[in-house]
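Here the protein sequences come in this chain order: A and B. For the first sequence, this note's numbering gives the first residue as 9, with consecutive numbering after it. For the second sequence, this note's numbering gives the first residue as 138, with consecutive numbering after it. Don't be surprised by glycine CBs; every beta carbon is placed ideally from N, CA and C. A quick write-up on the structure given underneath.
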Amino acid sequence: MRELADMLSGRYGAREWHDQRKDLSSVTVDASKLRDVLTWLRDEAGYAHLAFATAVDEIERKVFRLTYTVHNYGTAHGILVHCEIDRDRPVMESIHRLWGQAWTYQREMREWYGIDFPGSPRVDEEFVLEGWEGPPMMRRDFDSLAYSDATYAERPGRETRDPAAYMKEKLYPEADA
Amino acid sequence: MSDKKGKPVPLANEGLPPGERGLFCDAPPREYAPAAKIVEDFWNWARSQSLWILGFGTGCGAIELRPLMTSRYDMYRFGIQPRPTPRQSSVFVIGGYASVKTLKRIVRSYEQMMGPKFVVALGSCTINGGMYWDSYNTIKRIDQYIPVDVYIAGCMPRPEALLAGFQELKRIIRAGKAEGQNLYARDFERYKANQKRVIKDWNMPDYNW
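This is the structure we're talking about:
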């Protein structure tokens, strides 16, 4: 694994190599190098399978962290390749030519986080939502409760209780004494 | 809408492309005019003995319907059985939370069911949103969108509770008080307005019959 880490840092300036488990490591690269890194991992290092791609909204740092999981079936080892993009200008290079299934993940990120992937097939189509008109709902500045209150009718009379206190009051009232 | 004397106003079906509007029904639902009491009582007894459930699991609660088919709970002894299509069903079991996407299918399936039809809503989510009370995509009470005859509370209700709910539904039907279908016809405009308020991409007929 050390060799691979050195190779990635030497070739692409990859940093923060971290062995999370015996069969899983993570590494961070610049967004502009991501496609080269994934191409190299796929073609030269045996990481032929793109298992997953998703985004994390790090609103405090004003970035989206994109994570691509690639897997090597020969060594049964996986790598999480992280990169960060500006939250105010969420555009990322598409990798659908490296792995055909990547456009599905990219379409998901487009709908849920508003990250654009120019050139990715069907990227602007609806993914899981139908007729959604609000902002991308997985962004952390989207207020789900306020949206829900404004959109869906509520049945009056709903009460919220602290479970521990309520059970004590109902089941063991003598415990207070 | 259900003016028994005059002809009802045809529905606009504005969600459909103009060329397809003629292919679908444009009549709103009409209320059921009951027969003489003794006949209607007999029919209601017969209806209550033959509840056919629409096999459409609309939420996580649908998992509680499976044990009812097994020999342990055996809903068939009450005359309850699942059917594969809305056209053959008389009971729609809303199985818990309904997202907006599912609600669209619920409305469509409910309207396609033949009368007399009844709705059993199970789980807290159908009553007041349950654990999805702050979800951006889940409605909080189903009775804003389709009429409900019986609620079964719980998260999840056990199969025994479901059987008790079905017994309650039978009692209501026999008493002639299962008026959901008529309620829907009477308040059609209100229900439709509520549905269209949350289903933003309305691309189906106004009444799916």
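Cβ contact (3+ pairs, closer than 8 Å) linking the segment 85-97 of chain A and the segment 22-38 of chain A: yes
Anticipated Cβ contact below 8 Å, residue 196 (chain B) with residue 260 (chain B), distance rounded: 7 Å
Neighbour flag for residue 336 (chain B) against chain A, beta carbons, 9 Å: yes
Residues in the segment 262-277 of chain B having any Cβ partner in chain A nearer than 8 Å: 264, 265, 266, 270, 271, 272, 273, 274, 275, 276, 277
Proximal residues of chain B, C-beta to C-beta of residue 141 (chain A) below 8 Å: 337
Interface residues of chain A facing residue 281 (chain B) [CB-CB closer than 7 Å]: 161
CB contact check: residue 256 (chain B) to chain A, cutoff 9 Å: no
Contact set between residue 155 (chain A) and chain B, taken where Cβ atoms lie within less than 7 Å: 273
9 Å Cβ cutoff met for residue 162 (chain A) and residue 135 (chain A): no
Collapsed DSSP secondary structure at residue 151 (chain B) in the structure displayed: coil
Distance CB(residue 74 (chain A))-CB(residue 109 (chain A)) smaller than 9 Å: no
At least three beta-carbon pairs within less than 8 Å, the segment 224-243 of chain B to the segment 328-341 of chain B: yes
Those residues which DSSP pairs with residue 60 (chain A) across a bridge: A:77
The segment 246-260 of chain B in contact with the segment 145-160 of chain A per 3-pair CB rule at 8 Å: no
CB contact check: residue 152 (chain A) to chain B, cutoff 9 Å: yes
Residues near residue 101 (chain A) in its chain [Cβ-Cβ closer than 6 Å; skip 5 each side]: 43
Residue 269 (chain B), DSSP secondary structure in three states: helix
Environment of residue 26 (chain A) [buried if 16+ CB atoms lie within 10 Å]: exposed
Boundaries (first-last residue) of the beta strand (DSSP E) holding residue 93 (chain A): 85-94
In DSSP terms, what residue 72 (chain A) is bridged to: A:65, A:93
Cut-off 7 Å between Cβ atoms - residues of its own chain near residue 210 (chain B), not counting five sequence neighbours on either side: 204, 296, 300
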